[in-house]
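Counting from 1383, one number per residue, gives the positions in the sequence shown under the working numbering.
No residue lacks a Cβ here, since even glycine has one placed at the ideal position from N, Cα and C.
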Amino acid sequence: MSTTRPFSPGDRGPEPSGASGASEGGVPGTGAAERGTPAAGAPDGGAVPPLRPEESQAPAGRQVRRLDFADQSGVVPLARDFARQALYAWNWLPAATADQRAAAEDVLLVVSELVTNACLHAEGPDEMWIACDNKVIRIEVSDKGTGQPAPRTPHRSGRPGGHGMFIVQRLCLDWGVVRTPGVAGKTVWAELGAPA
């Protein structure tokens, strides 16, 4: 697991393009909180950036949605509802098996943890991207914070608070942070595997 690598170790090539609140195939997304304004710039100076519509064409079957948190309140439940709607649209929900239900719950928990961390440590999130292909769901939360998220070390299960990134580390295939030189803030990303 990494907190600094801008992409997962099994780099699957350039990240996909995608319209805000729409799947890659151009089908409009659902959810009142989705907006049509694409994010500007490629974080990390072009080295396999997070999901951004300015980048190369997405592989077939990759779907991307974006949530803008500008002028929104209750951002954690808003992000969970947004992610839940995406999971329904991508047929992760309703879950047919216990493993599929657990995988969907893991996605919602990771969304909650990443957005909560942005609220507690980075003056709130700016936007969230969620993407799905047949094997992986990728979640990205951008904020203006300067801190570096990291699991609490050593992890103490009885100690209150500070478990968010430990949970993300345990549930995800990988996670990391992308920063753009000269630009305030960061994007924290996490990837979870699809249920078998």
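For residue i, three-class secondary structure by DSSP
i, result
"Thr1498", "helix"
"Arg1333", "Given that the chain is displayed from residue 1383 to residue 1578, the structure contains no residue 1333 and the question cannot be resolved."
"Val1565", "coil"
"Pro1459", "helix"
"Leu1449", "strand"
"Ala1404", "Caution applies to Ala1404, whose pLDDT of 37 falls short of 50 and renders its modelled position unreliable; the model cannot decide the point."
"Glu1487", "helix"
"Leu1469", "helix"
"Gln1454", "coil"
"Gly1546", "helix"
"Ala1480", "helix"
"Cys1530", "Correcting the residue identity first, residue 1530 is Gln in this sequence and not Cys. In this structure, Gln1530 counts as coil in the three-state DSSP scheme."
Which residues DSSP lists as bridging residue i, in chain order
i, result
"Ile1519", "Cys1514 and Leu1574"
"Asp1556", "Glu1573"
"Asp1525", "Pro1507 and Lys1568"
Straight-line gap, residue i to residue j (C-alpha atoms, nearest Å)
i, j, result
"Val1325", "Leu1449", "The question about residue 1325 has no answer, for the chain in this structure spans 1383 to 1578."
"Trp1474", "Glu1509", "22 Å"
"Asp1463", "Asp1481", "21 Å"
"Leu1555", "Thr1479", "21 Å"
"Leu1574", "Arg1561", "21 Å"
"Ala1572", "Val1550", "7 Å"
"Val1565", "Glu1495", "24 Å"
"Gly1546", "Gly1443", "30 Å"
"Arg1483", "Gln1530", "31 Å"
"Ala1460", "Val1518", "A small correction: the amino acid at residue 1460 is Leu; Ala does not occupy that position in the sequence shown. Roughly 22 Å separates the two Cα atoms."
"Gly1375", "Thr1498", "An answer regarding residue 1375 cannot be provided, because it is not within the stretch 1383 to 1578 covered by the chain."
"Val1446", "Tyr1470", "14 Å"
"Pro1577", "Gly1567", "32 Å"
"Ala1548", "Leu1490", "Reading the sequence as shown, one finds Phe at residue 1548 and not Ala. Their backbone Cα atoms lie some 15 Å apart in a straight line."
Rounded distance between the beta-carbons of residue j and residue i, thought under 8 Å
i, j, result
"Asp1525", "Pro1507", "5 Å"
"Val1458", "Cys1501", "7 Å"
"Ala1477", "Ala1465", "Wrong, their Cβ atoms sit about 14 Å apart, outside the cutoff."
"Ile1521", "Val1492", "6 Å"
"Trp1557", "Cys1514", "No, Trp1557 and Cys1514 are not in contact; Cβ-Cβ is about 17 Å, not under 8 Å."
Buried versus exposed call for residue i [16 or more other C-beta atoms within 10 Å across all chains shown]
i, result
"Thr1337", "Only positions 1383 to 1578 of the chain appear in this structure, which leaves residue 1337 out of reach."
"Gln1454", "exposed"
"Pro1563", "exposed"
"Gln1467", "buried"
"Ala1642", "With the chain covering 1383 to 1578 only, the question about residue 1642 has no answer from this structure."
"Asn1516", "exposed"
"Ala1532", "exposed"
"Ala1452", "exposed"
"Gly1527", "buried"
"Arg1552", "exposed"
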